[in-house]
Amino acid sequence: MNSRRHPEDSSDLMELVRRRRTFTVVAVPLVMLAIAKPTPIGFAVGLCLVVLGQVVRIWAAGYIHKETEVTTGGPYAYVRNPLYVGSFLISAGFAVMCGHWLAWLLVAVQYGFVYHLTVLSEERHLEEVLGEPYRRYREAVPRWLPSVRPYAGRSGKFDVRQVAANKEFSFMVVVLLACVLFLGKMLWLRQWLT
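As numbered in the working numbering, the sequence shown has no gaps in its residue numbers, which increase by one up to the final residue, 355.
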């Protein structure tokens, strides 16, 4: 048996994780909800993070034309993965609402492993599909932490139809439902404990 790793092995794992990442979008908040002991302050702070994250996602979804062009306008002028940055803020908001340390461990695994491998897979794919323009963009714009200075070659404009085409409104409904469930659990716990 040959124990040497082939480059395709890591690529296969990245692709598998990329295809299954949406499972974590639902599973992680559900696990958080199961262990949650939300407080009014925790819920309020968490809700602010969720709203901020959703605003970032809507802003990004209004610019991106997936796999057809290098998106450089809007939030993409500052960070290469604003949709995932927005998702991180939403997950962090749910962790604050949850009020349990295990929620932060779930977020760390979700973003430190699942989304990191997803981004590596997407970057390889985008380089193959979009070529040199994507390589220039990738070299100039940070992956996770937004830059203070926008990308010099930014272009494009926000279009609400693109938000719909990218199915962001469906994602927003799922996020809203999760917030309602956290609120319901908080109210139920307060009633049950008094």
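We put the CB at the ideal spot given by N, CA and C, even for glycine.
Remember, it's a predicted structure, so these values are computed and weren't measured experimentally.
Residue of the options minimising C-alpha distance to residue i
i, options, result
"Glu-284", "Ile-219, Cys-340, Arg-241, Ala-339", "Arg-241"
"Ser-252", "Ala-339, Glu-230, Asp-320", "Ala-339"
"Met-193", "His-226, Leu-266, Cys-209", "Leu-266"
"Ala-188", "Val-270, Gln-352, Pro-236", "Val-270"
"Thr-279", "Ala-301, Cys-259, Tyr-245", "Tyr-245"
"Gln-352", "Gly-317, Trp-262, Arg-315, Pro-199", "Pro-199"
"Phe-332", "Glu-293, Leu-350, Ser-248, Trp-262", "Ser-248"
"Pro-307", "Cys-259, Tyr-237, Phe-319", "Tyr-237"
"His-261", "Gly-203, Pro-311, Ser-282", "Gly-203"
"Val-217", "Tyr-239, His-226, Pro-201, Lys-227", "Tyr-239"
"Leu-191", "Ser-282, Phe-343, Val-309, Lys-227", "Phe-343"
"Thr-185", "Val-275, Leu-250, Trp-349, Ala-195", "Val-275"
"Gly-314", "His-277, Gly-235, Ala-195, His-226", "Gly-235"
"His-277", "Trp-305, Leu-250, Cys-259", "Trp-305"
Environment of residue i [buried if 16+ CB atoms lie within 10 Å]
i, result
"Thr-229", "exposed"
"Gly-223", "buried"
"Ile-219", "buried"
"Pro-303", "exposed"
"Leu-337", "exposed"
"Ala-264", "buried"
"Leu-210", "buried"
"Glu-329", "buried"
"Arg-166", "Its pLDDT being 45, under 50, Arg-166 is placed unreliably by the model, and nothing is read from it."
"Val-321", "exposed"
"Pro-201", "exposed"
"Val-335", "exposed"
"Pro-294", "exposed"
Terminal residues of the alpha helix (DSSP H) in which residue i lies
i, result
"Phe-204", "201-222"
"Glu-300", "293-301"
"Trp-262", "262-270"
"Tyr-245", "243-259"
"Val-324", "321-326"
Check whether residue i and residue j have beta carbons under 8 Å apart
i, j, result
"Gly-254", "Gly-214", "yes"
"Arg-296", "Glu-289", "no"
"His-298", "Val-231", "The question names His, but residue 298 is Tyr in the sequence shown. Going by C-beta atoms, Tyr-298 is nearer than 8 Å to Val-231."
"Ala-197", "Lys-346", "yes"
"Gly-207", "Val-268", "no"
"Thr-233", "Gly-317", "yes"
"Tyr-312", "Ala-301", "yes"
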